[in-house]
Each structure stands twice: as C-alpha cells, then as structure tokens.
Amino acid sequence: MRVLVINAGSSSLKYQLLDTKTREVFAKGNCERIGIDGAFIGHSENDGEKQKLEVALPDHKTAIKHVFEILDQAGFDQSKIEGIGHRVVQGGWYFPESKVVTDETLGWVREVAPLAPLHNYAEADVIEICRDMFPSIGNVIVADSAFHYNIPEKAWRYALPRDVVDKLHIRKYGAHGTSHRYIWRTTNEFLNGDVHKLVSCHLGSGASLSAIEDGHEHDTTMGLTPLDGLIMGTRCGTIDPATVPYLVREGGYTIDEVDDMMNKQSGILALSGLSSDTRDVEEHAEQGDENCKMALEMFSYRCGQLIAEMAQSMHGFDTMAFSAGIGENSATTRQSIANELDWLGVKLDPAKNAIRSDDPRVISADDSKVKVLVVPTNEELMIALDVEELLSK
Ligand code: AMP
1246 MRVLVINAGS SSLKYQLLDT KTREVFAKGN CERIGIDGAF IGHSENDGEK QKLEVALPDH
1306 KTAIKHVFEI LDQAGFDQSK IEGIGHRVVQ GGWYFPESKV VTDETLGWVR EVAPLAPLHN
1366 YAEADVIEIC RDMFPSIGNV IVADSAFHYN IPEKAWRYAL PRDVVDKLHI RKYGAHGTSH
1426 RYIWRTTNEF LNGDVHKLVS CHLGSGASLS AIEDGHEHDT TMGLTPLDGL IMGTRCGTID
1486 PATVPYLVRE GGYTIDEVDD MMNKQSGILA LSGLSSDTRD VEEHAEQGDE NCKMALEMFS
1546 YRCGQLIAEM AQSMHGFDTM AFSAGIGENS ATTRQSIANE LDWLGVKLDP AKNAIRSDDP
1606 RVISADDSKV KVLVVPTNEE LMIALDVEEL LSK
C-alpha cells in the first residue's frame, strides 16, 4: 500500500510517501517555520538530493496543500495515495492501539491535548484538514504512547493521592512507543525469533528505554511527559521533583521558566556548556574539554542505571538494541554504556561495534551474556504498516 505519513509539530510538518510492500520511500520532506517568517520546504525524492523550496506557510493547511502539489508534480496525485498515517504524540487513555480517524477518534486527540499541548492541537488540526481536503483517502491515528498503555499498574501508577491522579489523568504514558515497537519487531525478525527479553534503547536528541518481553512491554523510562528518564539533548531527565518548588521559591523562577529550563536548556547542552549535539560534545571531549567529558560520562552512567532498571522489570534480559541518532551512530557512546553494564555480562566486540551500516547488526562479543545489536529505527514504516493493517480491514 502507498501511504503518506505525516508528523506535525506546532511549527513544522514532516512527510514521507512510502510503499509498505517494497518499503521504497518515494518522497519525503519537512515544512519548516509554519506561521513564522522565513518558511520553507525541504523536499527530496527517491533518496536524492534535498531541494529547498521557499514558500509562504502561514498555517498547516497551506503546508498540506503544498505537500500534495509537490507530490502531484512528482507523479503521485491524490488517486495514487491509498492512506494517510498521522503520528500523534499523546494518545492518553484512548489509544492503546492505532485507530482509523472518525469524528470520535479525532475528538479524543483534542480531549487529551492538555497532556501534550505543543503537539496534539497541531496534530488534530492537520488530521482534520487532511480528512476534509481528501475525503477519498483513509486516515489513521498512530499514537506514540500506545505501546506503553498496557504496562502493569505497578509500573504506570504514580504514588500521589488517588483523587488527584484520577482527576487529572496523571500516570506514566511514555513516548517513542512507535520506535520501540519497530525495534522489537526488527530485532525479532533479524534474530529469527531468538529474543525474549529485550531492552530497546532509543537514544537520539530525545532518549528513552523500553523493557519488552515477547512483544509486550513491562516498563519504559519516560513518564507523564517525555521529560522523564534519561539525560537528553536539552532535557534534564529524572531529577528530584522537589527541585521544581525549590527553583520557584528560592530561585524566583516562574513555573513556565522552570518548564522551559528543564525541557530546552538542560541535558547535554547544559552539562557540556557547548551543544546539545553529541557529535560536537564528543569532538570537544577528545580535545580534553572537561565539561564535555562529564556530559558524556553522565549520559552513559544514566543509560547504564536505567537499562539495569528495565532489565529488573523483566527479571533479566537476553538482548539489547541501540537505535536513533546516538544509538545508531556513536560507537564510543555504545562502548561506554556497555562498560557500565559489564557486571551484567554485557560485552561488545570492538571491531563489530566500529562498523557503520544502515542495516540491523549484532555488535556484542561471542561470549557476551547479552546479545547487543544496532537496529536503525523507522517510525514512518511502522506507522505506514499500521495504516495498511487498519485500512485493509
Ligand atoms: P535523532 O533525534 O534520533 O535524530 O538523533 C539526533 C542526535 O543524534 C543528534 O543530536 C546527535 O546528538 C546524535 N548523533 C547523530 N549522529 C551522530 C554521530 N555520528 N555521533 C554521535 N552522535 C550522533
């Protein structure tokens, strides 16, 4: 099936047109700075060179019109698009699995939007626009939180007063679920079913772990929001929650300033004092920058701690998979995370770890107690496969 996958943010809209059978990507791109001066679309076809198209993008509706025009010029008019898959960040309690768009399901995306206001409102608007502009094409909602919804209560419940958590729907929702689901599926296929307890490590500018036993998740590191868990590019991850009232009372920060600080000015960026991008930080650490060295050391230390926590939730693990920007590309970070876990019998083969490839591969030593892989993630393909499954029914 030929599926258009859309990932809308508050000022951006990524798209990818792909075939679920051949897995061929015909076109992809990103509409950037929607509603802001200097908007443009970066577009490429068949993995070719990226073209930059400078166009006015006052709103998401205009962006979608442009995307369909570009696809039309590339030979894919509306009639050749068989389904549209929409990534939704927060599905709340309504999306334990992907669902076809109806008035009801679209309403649910808006109802849970206070849990992810920067994403869900824009995503709901884009779903509505696609449905209204192209009524002959089926639309499907794929929530990033879906995979985590059925983890055990002891993992998702917060030890806060029941009336408060019930009223405000506070619980662990997690994120990156579509990626973790893809990583499980690909690892399982690649190892011919010889995987039972997997710790999936999605380590990109956002980073999270997932403990998956035979396809079912036990626990994950992100929480009510994607701020929890690991240290990330600009996010602090888990810290003592009392830091928040302390910053407000003693530091004089407003709650919005604290929110901004923890989400956008913390993590690797704050620790290194240089950049949120691990490539820059690794380069400066090699040149002897102490803050950069500490940023990387802390990142690996926290990964090690939380991987052990994920393994604990399954009472063991036989496989670990690294994915996303850092997990797929940084051999040094993979090695230092493995070093943290040597007491659990994790051991990499340095030659295998050094190989660069876009394919899944094993990088552990033959005598490692845990098989370690690199598995490039592909959330767009996972979304498209859900679209195919639901629209073929
Ligand atoms: P993602 O969010 O999955 O796109 O990952 C983006 C992040 O991956 C960047 O901000 C970098 O920190 C990291 N990254 C990408 N390539 C490399 C590399 N070759 N070495 C180290 N880190 C990398």
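Start counting at 1 in the sequence shown, then tack on 1245, and there's your number in our numbering. C-beta: ideal position from N, C-alpha, C; glycine also.
As far as DSSP is concerned, I1415 takes part in no beta bridge. At least one heavy atom of the ligand AMP lies less than 7 Å from the C-beta of D1522. Put simply, of V1617, T1523, C1537 the residue whose alpha carbon is nearest the alpha carbon of L1516 is C1537. Counting only runs of 4 or more residues that sit fully inside the stretch 1434–1502, the alpha helix (DSSP H) segments are 1488–1494, in chain order. For H1331, the closest of W1338, I1309, D1317 by C-alpha to C-alpha distance is I1309.
Ranked by Cα distance from P1380, the options S1324, K1399, Q1557, L1262 are led by S1324.
The stretch 1426–1442 makes no contact with the stretch 1476–1483: fewer than 3 CB pairs, one atom from each, lie closer than 8 Å.
Per the coordinates, the alpha-carbon of F1285 lies some 18 Å from the alpha-carbon of D1317. DSSP links N1584 through a beta bridge to no other residue.
Taking C-beta atoms under 8 Å as the contact rule, T1622 and A1576 fail to qualify, at a distance of about 17 Å. In the three-state reduction of the DSSP assignment, L1249 falls in the strand class, which pools E and B. Distances taken from the Cβ of I1396 to the heavy atoms of the ligand AMP include none shorter than 7 Å.
For the set G1280, V1526, H1425, G1438, the Cα lying nearest the Cα of V1444 is the one of H1425. Between K1417 and the set E1633, I1329, L1360, E1368, the nearest pair of CA atoms involves L1360. S1521 and G1512 have their C-alpha atoms roughly 7 Å apart.
For I1600, the distance from the CB to the nearest heavy atom of the ligand AMP is not below 7 Å. In the DSSP assignment, C1276 forms a beta bridge with L1258, I1286. A1596 and T1523 have their C-alpha atoms spaced approximately 22 Å apart. Sequence-distant partners of M1507 (beyond 5 residues in either direction) whose C-beta falls short of 7 Å from its own C-beta, in its chain, are L1472, R1480, C1481. Between the alpha carbons of Y1546 and L1475 lies a distance of about 10 Å. One Cα belongs to A1319, the other to E1290, and the distance between them is close to 8 Å.
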